[in-house]
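Asker: I'd like to ask some things about the structure below.
In the numbering used here, the protein residues as written are 426 to 532.
Here's what the structure looks like:
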C-alpha cells in the first residue's frame with residue numbers, strides 16, 4: 426500500500442530525495458547549509474525538508490556508508506522522526522577523531 430507524503434523544501438534549488446539506482450534501499454537527503462565539524466564537536470545539520478509523515482509511520486535517518494569517509498558519524502547511529510514533528514528535519518552529526526566537512530547540497 427502506498428501513502429502520499431507532503432514535503433516542504435526550504436531551498437528549492439536542492440533536489441528532492443529520490444532513489445538513485447533501481448536496487449537502492451533508501452534515498453538521499455541533501456544538506457542546505459555548509460558545515461565544518463572539528464574533532465570532538467557536535468552539529469545539527471538541516472536536511473532541507475519538513476515532512477508530514479502519516480500516522481502509524483516514522484522516518485528513519487541513517488548515515489550513508491560514505492559518511493564515515495568524511496570523518497563524520499551520526500550521534501546515535503540512526504535518527505527517528507515521529508509523525509507529529511513538523512520542523513526542519515535535522516541529522517545530529519559528530520566528528521570524533523579527525524573532523525569532517527559537509528558542503529551545501531552534500532548528500
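Glycine included, C-beta positions come from ideal geometry on N, C-alpha and C.
Measuring only the C-alpha atoms, how far is residue 471 from residue 480?
Answerer: 23 Å
Asker: Taking just the CA atoms, how far does residue 513 sit from residue 507?
Answerer: 13 Å
Asker: What does the Cβ neighbour count give for residue 435, buried or exposed, with the cut at 16 atoms within 10 Å?
Answerer: exposed
Asker: So if DSSP puts residue 434 in a beta bridge, which residue, or which two residues, is it bridged to?
Answerer: Assignment of beta-bridge partners to residue 434 by DSSP yields 474.
Asker: Evaluate residue 501 with the Cβ neighbour count: other Cβ atoms within 10 Å of its Cβ, from every protein chain shown; 16 or more gives buried, anything less gives exposed.
Answerer: Exposed: under 16 other Cβ atoms inside 10 Å.
Asker: Assuming residue 432 and residue 441 are in contact, meaning their beta carbons sit under 8 Å apart, how far apart are those beta carbons, in whole angstroms?
Answerer: 7 Å
Asker: Using only the alpha-carbon positions, how far apart do residue 477 and residue 490 sit?
Answerer: 27 Å
Asker: Across which residues does DSSP place residue 504 in a beta bridge pair?
Answerer: 486
Asker: Please name the residue in 505, 496 and 450 whose C-alpha comes closest to that of residue 461.
Answerer: 496
Asker: Going by beta carbon distance, what residues of the same chain come within less than 6 Å of residue 454, once the five residues before and after it are set aside?
Answerer: Excluding sequence neighbours, residue 454 sits near 442 and 472.
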